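Just so you know, we're using this note's numbering here: the sequence shown kicks off at 348 and counts up by one.
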Amino acid sequence: MYRLGWRLLYLVVVCGFISSCAVFDKDMTAGDSFFSPPSGDPISLAYSSEGRGKPVLLLHGFGASRYSWRYITQTLAKRYRVISIDLKGFGTSPKPRDARYSVYEQAHLVSHFIQQQQLSQLTLIGHSFGGGVALASAVYLQKTSPGILKKLVLIDSMAYPQKLPFFIAALATPVLGTSVVNILPNSLQVSLLLHKVYFDDALISWQSIQEYADNLALKNAKYALVKTARQLLPVDLMQFSEHFRRLEVDALVIHSKEDEIVPLWVAKKIHRALPRSQLRIIENVGHAVQEEQPGLLLDILAGFLNY
């Protein structure tokens, strides 16, 4: 099924869109307005909460949902209040047909959630795209609500301009992106992505494929996926990354040596930029350690969170 899926996706490209290329939205920039309160009423993000204690907020990656943290929440909840949210456009969070799906928009929504929930002494953990959102949220919170965020964990996080995997680049390509999500069966799309995410494909369960496929079947989910892909790398990302050097928070950067989505140099660059960071490079695991080797992640977090 996996090989057939790649052949089918290849045929979609060859048959009509061979001259197309990924096009990212040009107006998704931070600028001075990033630190101003967003206009209008923020949407309410879906979330789950369990446990008591200091809060730990989990932000999932591109194409995922809070379901991706299922293997670690119960253990963390023995000592912390663990909150996992669905970012805008994913899981059961709202998916409006607007043009605001960038890392900056997501950071505003996450920051609003943090303030609305009156969270303090917060540990923010972000994976992949969610790591980029966590970084932007940390920058925003330090400027607008200093002292709320105490620790930051970035897992295989995006942060700088990079080459995107073929499947995500295809989603960001005009016409092609919409065609891909509408032509390929949802379960096949998810399977293709998970085979890039996992190091050991044997660990990919049908249950996880079905869970993510069901989310993709929700109203406007495919619109949100394509729109997010087109806004995944804002044009001013390098300029915005200068803020990282001024973050006054203890940070842990975790990255897989075998990651096929975000290259290792990104983690090393984040580590050099963050003034109070540790870098932990792991092996024999793919892009999502929280799903593929949750025990390993929990061991690493234990040393950083002191539980």
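Yeah, the Cβ is synthetic: ideal placement off N, Cα and C, and Gly gets one too.
Bear in mind that the values here come from a model prediction, so they are computed numbers and not experimental data.
Query                                                                                                                                                         : Result
Once the 5 residues before and after A571 are set aside, which same chain residues still bring their CB inside 8 angstroms of it?                             : K435, G436, F437, K442, Y448
Compare the C-alpha of G400 against each of S467, H459, L392, A393 and name the closest.                                                                      : S467
How about the stretch 472 to 488 and the stretch 402 to 411: do they share at least three Cβ pairs that are nearer than 8 angstroms?                          : yes
Which residues does DSSP list as the beta-bridge partners of V600?                                                                                            : L501, L626
Which full runs of the beta strand (DSSP E) of 3+ residues lie inside the stretch 466 to 522, going along the chain?                                          : 469 to 474, 496 to 502
Pick out whichever of E595, S588, L540 has its Cα sitting closest to the Cα of H634.                                                                          : L540
Does the distance from the C-beta atom of V573 to that of V544 stay below 8 angstroms?                                                                        : no
Helix, strand or coil for R444, going by three-state DSSP, please let me know.                                                                                : coil
Comparing alpha-carbon positions, which option in F382, I495, P622, S555 lies nearest R413?                                                                   : S555
I believe Q640 touches V632 by the beta-carbon criterion, under 8 angstroms. Please report the beta-carbon distance rounded to the nearest angstrom.          : 5 angstroms
Measure the alpha-carbon distance for D547 versus A519 and round it to whole angstroms.                                                                       : 27 angstroms
Can you give the beta carbon distance from G378 to G477, rounded, assuming they're within the 8 angstroms contact cut?                                        : Incorrect: roughly 23 angstroms between the Cβ atoms, too far for contact.
Applying the criterion that 16 or more other CB atoms from any shown protein chain within 10 Å of the CB defines a buried residue, is C362 buried or exposed? : The pLDDT assigned to C362 is 41, lower than 50, so where the model puts this residue is not dependable; a value taken from the coordinates is nonetheless given after this. With fewer than 16 Cβ atoms within 10 Å of its Cβ, C362 is classed as exposed.
Ignore the nearest five residues each way along the sequence and tell me which others in Y394's own chain have a CB closer than 8 angstroms to its CB.        : R413, I430, S431, I432, D433, F460
In terms of residue numbering, what span does the beta strand (DSSP E) encompassing V403 cover?                                                               : 402 to 406
Quick one: grab the DSSP three-state call for S552.                                                                                                           : coil
In its own chain, which residues sit with a C-beta less than 8 angstroms from the C-beta of Q489, not counting the 5 before and 5 after it?                   : L496, R593, L594, E595, V596
Just to confirm the assignment, what range does the alpha helix (DSSP H) spanning V457 have?                                                                  : 450 to 463
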